[in-house]
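Heads up: the structure comes next, in structure tokens.
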Amino acid sequence: MKKIGLETLLEYKFISNLRFEEEKNLLGFVVKNPNEEDNKYDSYIYTYDLSTDKVKKMTSLGEESSFEFVDGDIIFSGAREKSDKDLKEKGFKFTSYYKLPTSGGEAEKLFRLPLSVKDYKVLDDNTWIILGTINEKLPNLMEIEKLEGEERQKAISDGAKKIEFEKGFERLSEIPFWFDGGGFTDGDRSGLYKYNLQSGELIKLTDDKKIVSSFEIVGDKIYYIYYDFTGVMEIEDRLAKYDLSQEKDEELFYEKEYKIYYANELDGEVFVIGVDMKKIGINTNPDFYILKDGKLKSITPKDFDYSICSAVNSDVRHGGSKTLVKKEDRIYFTSTQNVDTFLFSIGKDGDLKKEIDLPGSIDGFQVGDDEFYLVAMRGDNLQEVYKNSGKDEVKLTSFNDDILKEYEISTPEYVSVECGDFELDGYIMKPIGFEEGKKYKTILQIHGGPKTAYGSVFFSEMQYLTALGYVVIYTNPRGSDGRGNEFSDIRGKYGSIDYEDLMHFTKEMAKRFDFIDEEHMGVTGGSYGGYMTNWIVGHTDYFKAAVTQRSISNWISKFATTDIGYYFVKDQVAATPWDNFEQLWDNSPLKYADKVKTPTLILHSEQDLRCDIDQGYQFFTALKYHGVETEMLMIRGESHGLSRDGRPKQRMERLKAMAGWFEKYL
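All residue numbers in the sequence shown are consecutive under numbering that gives the first Met the number 0, ending with 665.
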């Protein structure tokens with residue numbers, strides 16, 4: 000069998016956008032393949048016929064990354080026609096939709112909307128409700144589309160010139176003014192629209208000052224979540240209802256320090272998933288509520304203190320699927336508990352049921368009559384589609400089977416480490432070709448977040464390191480997800496209790512496993528894990544080499560430069576540059592750069608807007624100034640998500656640099 004290498008990435012298949020067409024008994028999903036030649040990912044729509052167990056590839060251009068089933072047909076967006084391609088090349092934002100029969104054949108263009116569509120739902124045969132975005136600073140294609148003939152062509156030409164001219168500038172008037180993975184967003188306005196398929200009429204339903212994030216339809220009522228635009232983005236959300244029959248907008252709920260994740264109706268009651276940030280700030284686990292008379296009444300079971308998502312880390316996902324689904328009188332959702340993602344459901348009375356409790360990660364699901372359909376990772380498998388009937392789970396697809404057949408895999412072994420009055424969940428991965436009696440260089444991996452979690456699911460980066468002969472260890476220190484609010488609350492404690500947990504775990508692992516060579520230990524992590532890597536090398540010489548990725552080195556500059564900085568730093572470090580400058584500096588790894596002795600490689604993406612590139616530059620300059628062995632690899636054209644969804648060649652070069660550093664200094 001072969002060892003996992005850099006180019007094994009090119010063989011992975013990533014599954015997303017799982018959908019269920021009940022009448023035709025069909026599943027649909029998107030499969031993405033890395034394309035080395037063009038340095039991108041090709042995306043294709045597939046169906047799985049549950050009656051015949053047949054998989055069918057529905058598209059061939061490699062450009063279809065999302066779709067919906069509508070009246071038994073596949074509806075997807077794209078820019079296939081010359082007129083659309085020309086508009087796209089000129090810089091206009093729009094969304095064109097195509098219809099493809101599930102029996103196959105040619106895709107038929109339905110219409111073009113002068114919006115960047117984020118979501119849509121079918122109200123009836125002739126009406127869609129759309130969540131779309133326009134940028135108020137750029138030419139309004141919605142108005143241009145109303146024109147005809149020469150007047151329309153002139154408006155397009157003038158608009159294209161305006162767009163081209165504005166590429167040389169960014170006119171900022173609000174924060175955040177950019178978003179990681181999306182670039183500058185100043186001027187973007189997301190609202191609800193009603194589209195008439197027959198007449199082509201597009202009507203905006205919500206006020207221009209409302210920035211809408213999501214919506215659900217119940218009959219002729221639209222429940223939607225939004226925040227008011229004031230120049231500074233609110234971190235609280237507001238809930239409203241739009242009555243289509245009366246064309247009436249009604250405010251339902253707003254309260255300081257509350258975030259709303261989801262709202263719908265259950266048996267005539269308004270059901271809400273929300274976060275009371277008065278508990279532990281922005282990382283508080285959500286609660287379930289019924290809205291009555293403008294007040295939220297909690298129906299959360301007393302023993303349920305978990306997130307409503309899959310927070311289990313992996314680098315073999317690309318794209319998402321639904322993790323929150325309403326069916327009849329219940330809401331189905333995923334939740335991370337300890338090191339796994341499970342599936343639950345809840346009714347309006349707070350009756351909680353665990354539907355699936357198998358180990359691994361559920362990355363998306365759909366609800367059938369007596370079964371669930373999942374995109375999941377089980378055991379050492381990469382993503383596949385599964386059918387779960389409650390008692391049994393069957394793998395339906397085999398897109399990634401060859402990885403397990405052809406490559407040697409290091410299966411993570413669970414370990415529990417006593418740490419004061421609690422236990423740390425952790426894992427150890429032995430190197431490929433492991434031999435008893437030998438000592439092995441070991442690398443500690445630290446996850447991002449901090450409110451995420453490591454589990455046992457496939458992680459390509461770690462598999463690559465074990466193939467190179469390293470032991471890999473990792474744990475979920477305090478601050479991680481899956482163990483309740485109290486465990487995840489490290490506000491104002493970054494670099495203290497989490498550092499203690501990581502060092503305690505590492506040293507206990509070295510004591511427990513005699514094949515760990517404690518004289519040759521490395522450390523790496525990204526985002527928050529990069530922050531902790533920076534912190535560690537400034538506080539101990541225990542590790543002989545470090546690779547810090549997309550890291551934080553200076554909380555003061557992060558506050559004012561990143562897409563989430565102004566509220567994340569205040570919440571998590573419990574300070575701003577004006578009310579407690581000293582605390583921000585005391586918690587910044589940059590302060591301790593003069594103490595660093597560990598050879599440190601800095602990996603940072605040029606377009607990282609979550610932990611801005613200046614964080615890497617500052618740490619590199621400081622280490623170089625103080626004579627530390629250091630290098631920096633800046634990756635152009637990539638964002639914070641490089642290790643997970645960056646271009647294939649850039650992902651491979653990143654791993655190559657990491658491996659080279661550890662080889663040189665471990």
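Where a beta carbon is used, it is the ideal one built from N, C-alpha and C, also for glycine.
Per-residue DSSP class, three states only, for residue i
{"i": "H503", "result": "helix"}
{"i": "K492", "result": "coil"}
{"i": "D362", "result": "strand"}
{"i": "N38", "result": "coil"}
{"i": "A262", "result": "strand"}
{"i": "N586", "result": "coil"}
{"i": "V568", "result": "helix"}
{"i": "S320", "result": "coil"}
{"i": "D179", "result": "coil"}
{"i": "T7", "result": "helix"}
{"i": "E422", "result": "strand"}
{"i": "I44", "result": "strand"}
{"i": "Q462", "result": "helix"}
{"i": "R188", "result": "strand"}
{"i": "R511", "result": "helix"}
{"i": "K1", "result": "strand"}
{"i": "K450", "result": "coil"}
Beta-carbon proximity of residue i to residue j, cut-off 8 angstroms
{"i": "S556", "j": "C610", "result": "no"}
{"i": "T597", "j": "A544", "result": "yes"}
{"i": "S59", "j": "S42", "result": "no"}
{"i": "S213", "j": "Y223", "result": "yes"}
{"i": "S442", "j": "Y469", "result": "Position check: residue 442 holds Ile in this sequence, whereas Ser was assumed. Contact: yes."}
{"i": "V274", "j": "K258", "result": "yes"}
{"i": "D304", "j": "N484", "result": "yes"}
{"i": "I601", "j": "F618", "result": "yes"}
{"i": "D328", "j": "G349", "result": "no"}
{"i": "F661", "j": "G521", "result": "yes"}
{"i": "G425", "j": "Y372", "result": "no"}
{"i": "Y194", "j": "K203", "result": "no"}
{"i": "Y498", "j": "W534", "result": "yes"}
{"i": "A592", "j": "H625", "result": "yes"}
{"i": "D187", "j": "D607", "result": "no"}
{"i": "S604", "j": "L641", "result": "yes"}
{"i": "I74", "j": "M57", "result": "no"}
Top-ranked residue by Cα proximity to residue i, from the options
{"i": "L137", "options": "E165, Y96, L112 and V116", "result": "E165"}
{"i": "A559", "options": "A574, S95 and L251", "result": "A574"}
{"i": "N337", "options": "D185, M461 and S487", "result": "S487"}
{"i": "Y11", "options": "V315, L290 and K569", "result": "V315"}
{"i": "G230", "options": "E173, K247 and E215", "result": "E173"}
{"i": "G564", "options": "K278, Y616, S76 and W177", "result": "W177"}
{"i": "K39", "options": "S50, L9, N16 and I221", "result": "L9"}
{"i": "D362", "options": "K325, S309 and D207", "result": "S309"}
{"i": "N139", "options": "L641, L114, K120 and P588", "result": "L114"}
{"i": "Y453", "options": "P411, I355 and F398", "result": "P411"}
{"i": "G378", "options": "L589, E517 and I408", "result": "I408"}
Buried or exposed by the 16-neighbour rule on C-beta atoms within 10 Å, applied to residue i
{"i": "F287", "result": "buried"}
{"i": "H446", "result": "buried"}
{"i": "Y730", "result": "The chain is shown from 0 up to 665; residue 730 falls before or after that span and cannot be answered."}
{"i": "K450", "result": "buried"}
{"i": "M376", "result": "buried"}
{"i": "M631", "result": "buried"}
{"i": "L295", "result": "buried"}
{"i": "F66", "result": "buried"}
{"i": "L654", "result": "buried"}
{"i": "Y413", "result": "exposed"}
{"i": "P300", "result": "exposed"}
{"i": "T561", "result": "buried"}
{"i": "G27", "result": "buried"}
{"i": "V393", "result": "exposed"}
{"i": "F110", "result": "exposed"}
{"i": "M0", "result": "exposed"}
Within-8 angstroms CB hit, residue i to chain D
{"i": "G491", "result": "Absent from the structure: chain D. Only one protein chain is present."}
Span of the alpha helix (DSSP H) around residue i
{"i": "N533", "result": "Y527 to V536"}
{"i": "S556", "result": "W554 to T560"}
{"i": "A658", "result": "P647 to Y664"}
{"i": "T620", "result": "I612 to Y624"}
{"i": "D85", "result": "K81 to E88"}
{"i": "N134", "result": "Not the alpha helix (DSSP H): N134 falls in the beta strand (DSSP E), residues T126 to N134."}
{"i": "S642", "result": "L641 to D644"}
Extent of the continuous beta strand (DSSP E) run through residue i
{"i": "K203", "result": "L201 to K203"}
{"i": "S212", "result": "K209 to V217"}
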